[in-house]
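Asks: Just so we're aligned, residue 60 is where the sequence shown starts under the numbering used here, counting upward by one.
C-beta: ideal position from N, C-alpha, C; glycine also.
Given the structure is predicted, the values throughout are model-derived calculations rather than measurements.
What follows is a single structure, and I will ask about it in a moment.
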Amino acid sequence: MASAAPASSRWHTGLTRTHWRVLTASFLGWIFDGYETYALVAVLPTALRSLLSPEQLKTPAIWAGTAIGATLLGWGIGGLVGGTLADYVGRKRVMIASVLLYAGLSGLTALSPSFLALIALRFATGMAMGSEWSTGVAMVAETWPDRARAKGAGFLQSGFGWGTLLAAVIWWLVSRWSPLGDQSWRLMFVIGAIPAVFTLYIRRAMAESEAWLKAVRERRWAATEAQRGVARADRRPFTVTEIFREAESRRRILLLFVLSLTSIVGWYAISTWLPAHVQSLATREGRAHPDQWAAAAGILYTAGAVAAYMAAGFVIDAIGRRKFLLLTYAGALVLTPVTYFWVASVQAILLVAAVNGFFTLGLAYSWLAIYPAELFTPSVRSTAASLVFNGTRLIAWVFPILAGTLIPLLGGIPWTAMTFGTIYVLGLIVPWFAPETRGKPLPQ
């Protein structure tokens, strides 16, 4: 399905209903993941007030960081298991199971009677969510033509931004309406159970990836094109072992892992504190309803991210993968002090929040849906994408907790953000050692 087209053709020439159905199914799944992720961040200040004791509420940042960290840890573990499983049993089956599980667990989160129950359910929900992303990325990469692949992957990744934007808007409405008083936060997770219905669409709309089926039939187990044609035993090796067995594959996965860690630590340890920072500014300025200022900042932040997601595929094809990565992390590095130190007005920070979201969420995550799939073959592609995207969560999950602990010690969110913001320097170094894949066909 990745056939070539004349250079003069528009990027979407030749795309069929099958291509768009695959993208739609993967896109919707990622919308729900984005909703779940931001719903937790948005409701935490309110949820903690209803679940913690007055003594515990004296250190809210620590408890909030723990809730986010538990979700992140579950996401990492579940993603590694599900992503690897998709290379053995198929992309479609794993996606359906993932969506059903996290929809059900989200609904149960709404019934959390205690903070401990909330943590346990967020961990379990994270495990279910983790499996969905790598399967969708592999499906789009393996079914869309080369000239349109990056654009399709960028559109897929925008689902996370649309999901976070949806969560920000719904929370803004729920917090204003407040139908259940201080328990209204639970409605966010009731809404999160809706994706269960979506599995019916997946079953009808998607066929299994032919590229993956062909690779399995022909027993092509090599992880990269560099090992294509090398004689191997018929017995299939464990996909994770195969990725780390080959020197070139090992080098690629380690470079991508560092870049992914940069994006994920930067977002969870810094950007997730933006609503709290805006709320603090609004309170200091004596603004009415400071929580609504925080919600507005969340909407603008995610709107900036959505704009970046939608543009990412076009930009990355125009300037190449390395330059795109350098642009991303340079922007994120600059925006950290601008957001948390240089802008002191709550009105001004709303505009900055949109630009911040463009870089630290939009660009910083969009390459993950495009670039890793271009470096590995179908027999290990989902495993590799999951190692890059979800494996980093096994390290990054401690950073929200660490940040929450350091906020009172370092004198507030701004200094903590600056401390963790230094990680973006890695994004200015690693791309120089990564392969450039612009204009190259997907490895088969």
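(1) Going along the chain, which residues of its own chain have a beta-carbon closer than 6 Å to the beta-carbon of T398, five neighbours each way excluded?
(2) Please classify R343 as buried or exposed, where buried requires at least 16 other C-beta atoms within 10 Å of its C-beta.
(3) Using the beta-carbon count (16 or more within 10 Å), is L99 buried or exposed?
(4) What three-state label does DSSP hand H30 in the structure shown?
(5) In the region 147 to 202, which residue ranges form an unbroken alpha helix (DSSP H) of at least 4 residues, counting only runs that do not cross its ends?
(6) Give the single residue among Y430, M477, F373 whose Cα lies nearest to the Cα of W401.
(7) Could you pull out every residue in the same chain whose Cβ sits closer than 7 Å to the Cβ of V324, ignoring the five residues on either side in sequence?
(8) Please report the distance separating the alpha-carbon of P238 from that of L246.
(9) Give the list of continuous beta strand (DSSP E) stretches no shorter than 3 residues that lie fully inside the region 202 to 268.
(10) Between the C-alpha atoms of G251 and A306, what's the straight-line distance to the nearest angstrom?
(11) Does the region 358 to 377 touch the region 209 to 227, meaning 3 or more C-beta pairs lie closer than 8 Å?
(12) Can you tell me the Cα-Cα spacing of V447 and I312, whole angstroms?
(13) Buried or exposed: T168, going by 16 or more other Cβ atoms within 10 Å of its Cβ?
(14) Just to confirm the assignment, what range does the alpha helix (DSSP H) spanning R294 have?
(15) Taking just the CA atoms, how far does L215 sit from K499?
(16) What are the boundary residues of the alpha helix (DSSP H) that includes F479?
(17) Would you grab the beta carbon distance between L314 and G486 for me? Rounded to a whole angstrom, and I think it's under 8 Å.
(18) What would DSSP say about S112, mapped onto helix, strand or coil?
(19) With a cut-off of 8 Å on the beta carbons, I'd call M265 and A84 a contact; round off their distance for me.
(20) Is the beta carbon of F303 sitting closer than 8 Å to the one on R309?
(21) Are the beta-carbon atoms of W32 and G149 separated by less than 8 Å?
(22) Express the C-alpha separation of A371 and G213 in angstroms, rounding to a whole number.
(23) With a floor of 4 residues, list each alpha helix (DSSP H) that falls wholly inside the region 279 to 352, ordered by position along the chain.
(24) For A145 and T77, which I take to be in contact (beta-carbon distance under 8 Å), what is that distance rounded to the nearest angstrom?
(25) Just the C-alpha distance for W474 and W230, rounded to the nearest angstrom, thanks.
(26) I think V405 touches V337, with their Cβ atoms under 8 Å apart; what is that distance to the nearest whole Å?
(27) Can you tell me where the alpha helix (DSSP H) holding G390 begins and where it ends?
(28) With burial defined as no fewer than 16 other Cβ atoms inside 10 Å of the residue's Cβ, what is the status of G93: buried or exposed?
(29) To the nearest whole angstrom, what separates the beta carbons of A227 and I358, a pair I think is in contact under 8 Å?
(30) Under the assumption that L110 contacts F182 (Cβ atoms under 8 Å), give the Cβ distance between them as a whole number of angstroms.
Replies: Walking through what the data contain:
(1) In the sequence shown, the residue the question calls residue 398 occupies position 339. Take T398, set aside five residues on each side of it, and the residues of its chain with a beta-carbon closer than 6 Å to its own are V411, N415, in chain order.
(2) The sequence position of residue 343 within the sequence shown is 284, counting from 1. When all chains shown are included, R343 counts as exposed.
(3) Position 40 of the sequence shown, counted from the first residue, corresponds to residue 99. Buried, because 16 or more other Cβ atoms sit within 10 Å of the Cβ of L99.
(4) Lying before the first or after the last residue shown, residue 30 is absent from the chain, which here runs from 60 to 503.
(5) 150 to 168, 174 to 202
(6) Translated into the one-based positions of the sequence shown, residue 401 becomes position 342. Considering only Y430, M477, F373, the residue with the shortest C-alpha distance to W401 is M477.
(7) On the sequence shown, position 265 is the one that residue 324 refers to. If we look at V324 and ignore the five residues flanking it on each side, its Cβ neighbours are A455, F458, F479, I482.
(8) For the purposes of this step, residue 238 is taken as the residue at position 179 of the sequence shown. For the purposes of this step, residue 246 is taken as the residue at position 187 of the sequence shown. Rounded to the nearest angstrom, the two C-alpha atoms are 9 Å apart.
(9) none
(10) Within the sequence shown, numbered from 1, the residue matching residue 251 stands at position 192. Within the sequence shown, numbered from 1, the residue matching residue 306 stands at position 247. G251 and A306: Cα-Cα distance of roughly 42 Å.
(11) Segment contact: the region 209 to 227 against the region 358 to 377, three or more CB-CB distances shorter than 8 Å; contact assigned.
(12) For the purposes of this step, residue 447 is identified with residue 388 of the sequence shown, where counting begins at 1. For the purposes of this step, residue 312 is identified with residue 253 of the sequence shown, where counting begins at 1. A direct Cα-to-Cα measurement between V447 and I312 gives close to 7 Å.
(13) By 1-based counting over the sequence shown, the position of residue 168 is 109. With 16 or more other Cβ atoms within 10 Å, it is buried.
(14) In the sequence shown, the residue the question calls residue 294 occupies position 235. Per DSSP, R294 belongs to no alpha helix (DSSP H) and is neither H nor E.
(15) If you number the sequence shown from 1, residue 499 lands on position 440. If you number the sequence shown from 1, residue 215 lands on position 156. Rounded to whole angstroms, the separation of the alpha carbons of L215 and K499 is 20 Å.
(16) The residue given as residue 479 occupies position 420 in the sequence shown. Residues 472 to 480.
(17) What you label residue 314 is simply residue 255 of the sequence shown in a count that begins at 1. What you label residue 486 is simply residue 427 of the sequence shown in a count that begins at 1. Contact flag wrong, Cβ pair sits at about 11 Å.
(18) Locating residue 112 in the sequence shown gives position 53, where the first residue counts as 1. If DSSP states are grouped into helix, strand and coil, S112 belongs with coil.
(19) Position 206 of the sequence shown, counted from the first residue, corresponds to residue 265. Position 25 of the sequence shown, counted from the first residue, corresponds to residue 84. About 5 Å; that satisfies the 8 Å criterion.
(20) Numbered from its first residue, the sequence shown carries residue 303 at position 244. Numbered from its first residue, the sequence shown carries residue 309 at position 250. Result yes, Cβ atoms of F303 and R309 sit closer than 8 Å.
(21) What the structure shows of the chain is the stretch from 60 to 503, and residue 32 is not part of that stretch, so it cannot be assessed.
(22) Here residue 213 refers to the residue found at position 154 of the sequence shown. Here residue 371 refers to the residue found at position 312 of the sequence shown. In a straight line, the C-alpha of G213 is about 6 Å away from that of A371.
(23) 298 to 304, 306 to 328, 333 to 343
(24) In the sequence shown, the residue the question calls residue 145 occupies position 86. In the sequence shown, the residue the question calls residue 77 occupies position 18. No, A145 and T77 are not in contact; Cβ-Cβ is about 19 Å, not under 8 Å.
(25) Within the sequence shown, the letter at position 415 stands for residue 474. Within the sequence shown, the letter at position 171 stands for residue 230. In a straight line, the C-alpha of W474 is about 28 Å away from that of W230.
(26) Here residue 405 refers to the residue found at position 346 of the sequence shown. Here residue 337 refers to the residue found at position 278 of the sequence shown. Between V337 and V405 the Cβ distance is about 6 Å, and since that is below 8 Å, they are a contact.
(27) In the sequence shown, residue 390 corresponds to position 331, counting from 1. Where G390 is concerned, the enclosing alpha helix (DSSP H) stretches over 380 to 396.
(28) Sequence index remark: in the sequence shown, residue 93 carries index 34 (1-based). It is buried - the Cβ of G93 has at least 16 other Cβ atoms within 10 Å.
(29) Numbered from 1 along the sequence shown, position 168 holds the residue referred to as residue 227. Numbered from 1 along the sequence shown, position 299 holds the residue referred to as residue 358. Correct: roughly 4 Å between the Cβ atoms.
(30) Position 51 of the sequence shown, counted from the start, is the residue given in the question as residue 110. Position 123 of the sequence shown, counted from the start, is the residue given in the question as residue 182. Not confirmed; about 16 Å, so no contact.
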